[in-house]
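Read in order, the letters of the sequence shown correspond to residues 1 to 80 in UniProt numbering. A virtual CB, placed ideally from N, CA and C, is assigned to each residue, including glycine. Note that the structure is a prediction, hence the values are computed from the model and not measured. Before any comments, here is the structure.
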Amino acid sequence: ICLHLLFNVTDISLHVDKELKPLSIIEHIPYYVWLLCGMWPFVVLPMNELIKYHEIKVNVRQQKRARLEFCTKLGMNSPF
């Protein structure tokens, strides 16, 4: 993230007029970019949690299926 921020600052400073001060560069960023960047974590985090929940559910189902296929006497009497 820090390298990306450094790249963005360098890119903006190279392509913007030299008369602008660094704080005035921020004013040239459109409001919808600020809105999108501010709302993006609220979209990504719930989506990430849903995907993680689904992956855990699939893994548990796969473990149960593997446990059923292991049907020797040792497997049936095992405490695990």
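Check, Outcome
"Cβ-heavy atom distance, L6 to the ligand GDP, below 7 Å", "Of the ligands one can find in the structure shown there are none, so the ligand GDP has no counterpart to examine."
"V44 in three-state terms, based on DSSP", "helix"
"Boundaries of the alpha helix (DSSP H) in which I12 is found, first to last residue", "2 to 15"
"Three-state secondary structure (DSSP) of H54", "helix"
"Between the CA atoms of D11 and L36 - distance to the nearest angstrom", "20 Å"
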